[in-house]
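Under our numbering, the sequence shown has 552 at position 414, and the numbering climbs by one with no breaks.
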Amino acid sequence: MQMTPRGYVCLAAAVLTMVGCNPPNPRQGFYIGTSEGMQSAQGGKGPLQPMVGVEVSGQYFPQPGDSPDGGSVTSYLGYTSKSKNPDATQGLYYVSNAMTDVYWDHQVWLPDVCAIPDPPVFLVDPGYGTDEEKWGVNGLFMTNTGQMKVPDPAEATWECLSPKGQPLPSLSSQFAFTGEIPTSVTMAGWHPYTTANGMPEMYVFSGAGGTSSFYTEIDAASVDTSGATATFDLPSNMPQNAYAFEVMNQNADGTVQHQGFNYFTAARSQTIPGNPFGVAVNAQTETIQTCKWYPGPYLWCGPQTSSFSTTPVISLYSQNQVLIGSTAVTVGANPTAVLTYNGGVVHEGWSPNTDDFTGTTRAIVADSGTNLVSILDTVADRLLENVIVGNQPVALAVSSDATKAYVANYADSTVTQVNLTAGTVLATVPVGGQPTSVALTSGGTLWVGGVGFLTEINTQNMSVVATESTAGTTIAALGFSDGENELIATSTTSGNVSIDELNPSAVQPGGTYTPLASHSVSTLGTYYNPRLQANVQGYTATVTTSTIPISTILPGAPPVVVQDGWAVVTATPTGFSITDVSGHVVLVSETTPSPVASIAVDSNLNVAYLTMPDSNTLLTVPLPGTGSN
């Protein structure tokens with residue numbers, strides 16, 4: 139660990155790989171890239187995007203072992219930005235006409251908020267000024283096959299990870315519906331802005347679920363007289379996607395200063411009648427093979443072709459149906475929570491084609507009005523069976539092996555364990571208060587939250603391990619991050635809603651509810667409900683068309699842990715938020731047309747689906763990707 143002159147803590151992170159210089163043209167070039175993201179508490183990283191404006195340099199020696207004084211040396215110097223170097227692509231510098239079977243030395247000047255790279259990368263010498271450090275690696279031997287004699291050869295990529303807890307520069311807007319993009323955004327910076335060498339530049343990258351590509355470059359329209367913020371005009375036609383904004387500023391001495399990055403999401407809203415309440419994602423791989431019998435006899439089968447697709451599965455509260463894609467399946471009355479799970483391979487068709495479906499081939503839905511859970515076939519889009527559980531089921535969890543389900547029964551304060559294979563009830567356990575949410579860890583521990591309590595259950599024998607009073611706080615939703623080993627709760631008090639992070643091992647019988655960190659995301663104020671055309675209290679609106687009205691605070695919206703444990707998407711009284719639990723910061727907190735009842739994330743981490751029963755709305759929110767260059 140090292141403290142830079144400006145006091146930033148720099149931690150280790152870098153990836154060293156190289157591509158290019160492959161036959162038949164051994165003198166072709168290769169790229170050196172730079173990317174950035176947020177560092178997690180466990181040493182991992184959040185979403186990455188290319189980092190532009192970074193100065194890179196290097197040299198190579200004709201023979202292995204030569205020194206700069208021992209023969210001819212070829213050098214390069216440039217920036218990972220097209221505005222600074224016409225031969226570069228955004229976030230990549232291209233070394234042209236590269237020699238092979240030689241040693242290369244590389245250096246890069248990273249901002250002072252970046253992490254110190256691990257060996258074999260090391261500090262070469264101080265950079266220019268106090269806001270930069272120069273990093274490098276020497277003695278990389280590159281052959282004419284493009285391989286280096288270091289681990290994991292591919293492309294030389296330098297990663298800038300701002301230390302965990304480093305706040306993102308504030309951004310005036312982070313969310314909008316497509317077609318309603320704000321005309322401009324204002325972004326703060328890690329350093330004062332200057333116009334000494336022109337206006338600051340914003341680089342916009344688009345992509346979700348592991349991809350990130352350059353979208354556009356925007357010069358600042360104005361800079362605050364104090365240098366605290368810069369304002370950038372946005373294109374009005376930005377399509378549905380997740381975006382990363384990165385801002386660079388050239389100082390008076392010519393050095394390029396990194397001002398920070400932030401995220402922006404363009405989402406889509408659609409109307410679905412019937413009060414869409416619960417939502418899950420049906421993710422399936424379809425494999426088709428053509429086979430034919432020939433005289434002999436023998437069987438000839440052609441090559442297999444596979445395709446992957448995802449569709450939302452939505453419970454329609456007032457219509458007593460579940461939408462699987464566009465197909466409606468009738469279930470019990472007032473369905474609330476719905477989950478999809480792996481029910482094994484499903485075969486459709488035998489001759490001449492075999493058609494196999496794998497992935498989430500089953501779904502379970504809680505029917506709050508008839509005290510049932512319904513099990514569905516999501517390949518054939520049909521009801522398989524109903525299982526009687528407790529009174530008013532509102533929340534669900536499914537074991538990792540997809541053999542058992544756990545149902546929170548709100549009205550009789552119990553949790554039911556269901557055998558998904560046999561369609562039978564295995565056990566029913568009383569819990570404190572009225573349960574509104576359940577969450578399972580990868581090890582099989584069940585957490586139950588509700589009105590005034592948090593309970594831990596051993597699923598091996600369905601016994602209560604510990605219960606803590608939450609002292610006037612309702613646990614509206616629960617989730618578990620295996621990456622962070624944290625229990626995540628959406629908690630509500632008389633006036634506020636928070637995202638709480640808890641150490642699961644600290645929960646003790648009769649203990650006091652004590653979060654590791656708590657992030658206030660909303661207040662329990664009022665909002666305008668367009669369907670009711672009236673102001674209503676957040677988190678207390680009801681689906682008024684049902685025979686048994688239910689408040690959206692009851693099942694809550696389970697926090698959905700995504701991006702390898704670094705982020706949580708959860709509901710608030712009047713919208714939703716995205717929280718970075720590794721850096722302990724709220725990235726997005728936005729208002730929706732009515733309270734969010736459920737959230738699901740597709741398996742490729744591209745989008746989050748949010749349902750709003752009071753306004754008959756399904757919201758599709760793209761998520762930042764984890765891909766770099």
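The beta-carbon is built from N, C-alpha and C at its ideal position, and this holds for glycine as well. Please read these numbers as outputs of a predicted model, since none were measured by experiment.
Query	Result
Return the CA-CA distance between Ala709 and Pro697, expressed in angstroms with no decimal places.	8 Å
What does a CB cutoff of less than 8 Å around Lys542 pick up in its chain, not counting 5 residues either side in sequence?	Val536, Gln555, Val556, Asn557, Leu558, Leu564 and Thr597
Helix, strand or coil: how does DSSP classify Asp796 here?	Absent from the model: residue 796. The displayed extent of the chain is 139 to 767, so no value can be given.
Using CA coordinates, which residue listed in Pro185, Ala672 and Thr628 is at the minimum distance from Pro653?	Thr628
Pick out whichever of Tyr455, Thr478 and Asn480 has its Cα sitting closest to the Cα of Thr468.	Tyr455
Taking Pro411 as the reference, give the member of Pro433, Ala518, Glu424 and Gln457 with the closest Cα.	Gln457
Please name the residue or residues paired with Val361 in a DSSP beta bridge.	Ala368
What are the start and end residues of each continuous beta strand (DSSP E) run of 3 or more residues lying completely inside the region 588-661, in chain order?	601-619, 624-630, 634-640 and 655-661
Counting C-beta neighbours from all protein chains within 10 Å, is the total for Asn509 16 or more, i.e. buried, or is it exposed?	buried
Going by the CB atoms, is the gap between Ser538 and Ser580 shorter than 8 Å?	yes
Helix, strand or coil, according to DSSP, for Ser753 in the structure here?	helix
Taking 8 Å as the threshold (C-beta atoms), are Val246 and Val192 in contact?	yes
Can you tell me whether Gly345 is helix, strand or coil according to DSSP?	coil
Answer yes if the region 351-358 comes into contact with the region 389-403, meaning at least three C-beta pairs across the two stretches below 8 Å, and no otherwise.	no
Do the region 441-452 and the region 392-409 touch if we need at least three Cβ pairs shorter than 8 Å?	no
Under DSSP, the beta strand (DSSP E) around Thr443 begins and ends at which residues?	Thr443 to Leu454
So for Cys252, helix, strand or coil by DSSP?	coil
Could you tell me the alpha carbon to alpha carbon distance between Leu521 and Asn634, rounded to whole angstroms?	40 Å
Per DSSP, Ala405 is paired with what?	Phe315
Nearest-angstrom Cα distance between Asp263 and Ser173?	With a pLDDT of only 40 at Asp263, under the threshold of 50, the placement of this residue in the model should not be trusted, and no figure is reported.
Could you tell me how far apart the beta carbons of Thr498 and Thr478 are, in whole angstroms, since I believe they sit closer than 8 Å?	4 Å
Give me the residue from Phe415, Leu299, Gly649 and His396 with the minimum Cα distance to Glu384.	His396
Would you tell me roughly how many angstroms separate the C-alpha atoms of Asp493 and Ser715, rounded to the nearest one?	40 Å
Who are the near neighbours of Ser601 in its chain, counting only those whose CB is closer than 8 Å to its CB and skipping five residues on each side?	Val567 and Ile595
I need the DSSP call for Ser684, collapsed to helix, strand or coil.	At Ser684, the pLDDT of 46 sits below 50, so the modelled position is not reliable; the number obtained from the coordinates is stated separately. DSSP places Ser684 in coil when its eight states are reduced to three.
Counting Cβ pairs, one atom from each stretch, are 3 or more of them under 8 Å apart for the region 420-435 and the region 327-346?	no
For Ile716, which three-state DSSP category applies?	strand
Using three-state DSSP, classify Ile356 as helix, strand or coil.	strand
Answer with buried or exposed for Trp585, where buried requires no fewer than 16 other C-beta atoms within 10 angstroms of its C-beta.	buried
Rounded to whole angstroms, what's the CA-CA distance from Gln646 to Gly570? Just pull it up for me.	15 Å
Could you tell me the distance, in whole angstroms, from the CA atom of Gly216 to the CA atom of Thr369?	28 Å
State the Cα-Cα distance for the pair Thr552 and Leu592, rounded to the nearest angstrom.	13 Å
Helix, strand or coil for Ala709 per DSSP?	strand
Starting from the C-beta of Pro642, find all residues in its chain whose C-beta is less than 6 Å away, skip the five residues before and the five after it, and write them out in chain order.	Leu625
With DSSP as the reference, identify every bridge partner of Phe415, one or two as the case may be.	The partner list for Phe415 (beta bridge, DSSP) is empty, contrary to what the question assumes.
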